[in-house]
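In my numbering, the protein residues as written are 73 to 194.
C-beta atoms are modelled at their ideal positions from N, C-alpha and C, and glycine is treated no differently.
First up is the structure itself, then whatever we jot down about it.
In structure tokens, the structure reads:
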């Protein structure tokens with residue numbers, strides 16, 4: 073892994089079946105594409121995949137994006153005694169958890185911008 077990637081914060085997202093979960097996943101992908109963070113796999117952390125747990129425990133800042141109050145990302149990290157540096161709960165930003173509905177891409181892009189601004193302070 074390049075030194076540049078190692079200096080980026082890690083971003084983990086919910087990727088469940090609701091519109092809020094899919095928004096969280098989209099946001100993490102966008103932060104990764106923009107070069108603001110490196111996305112890693114929260115399912116692998118929760119599933120105790122050694123390589124992915126090692127990345128999570130590397131000491132880098134962690135951004136957790138949860139779509140709803142269930143906080144699955146935060147819970148997966150807690151299994152390994154990890155606490156996110158920043159925890160974004162989309163429901164606290166007015167995002168509704170809906171089934172069989174696409175998320176609002178304009179709202180998602182606005183939140184990506186807000187998180188990217190937050191990352192400049194880390």
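| Query | Result |
| --- | --- |
| According to DSSP, residue 158 sits in a beta bridge with which residue or residues? | 135 |
| Between residue 159 and residue 107, what straight-line distance do the alpha-carbon atoms span, to the nearest angstrom? | 19 Å |
| Tell me the rounded alpha-carbon separation between residue 91 and residue 118. | 22 Å |
| Count Cβ pairs between the segment 166 to 186 and the segment 116 to 136 that sit closer than 8 Å; are there 3 or more? | no |
| Using beta-carbon positions only, say whether residue 96 and residue 103 come within less than 8 Å of one another. | no |
| Taking the DSSP output, what are the residues bridged to residue 85? | 137 |
| Using CA atoms only, rank isn't needed, just tell me which of 80, 174, 153, 123 is closest to residue 105. | 80 |
| Relative to the C-alpha of residue 147, which residue among 78, 173, 86 is closest? | 86 |
| To which residues does DSSP link residue 229 through a beta bridge? | Only positions 73 to 194 of the chain appear in the structure, and residue 229 is not among them; the question remains open. |
| Taking all protein chains shown into account, decide if residue 94 is buried (16 or more other Cβ within 10 angstroms of its Cβ) or exposed. | buried |
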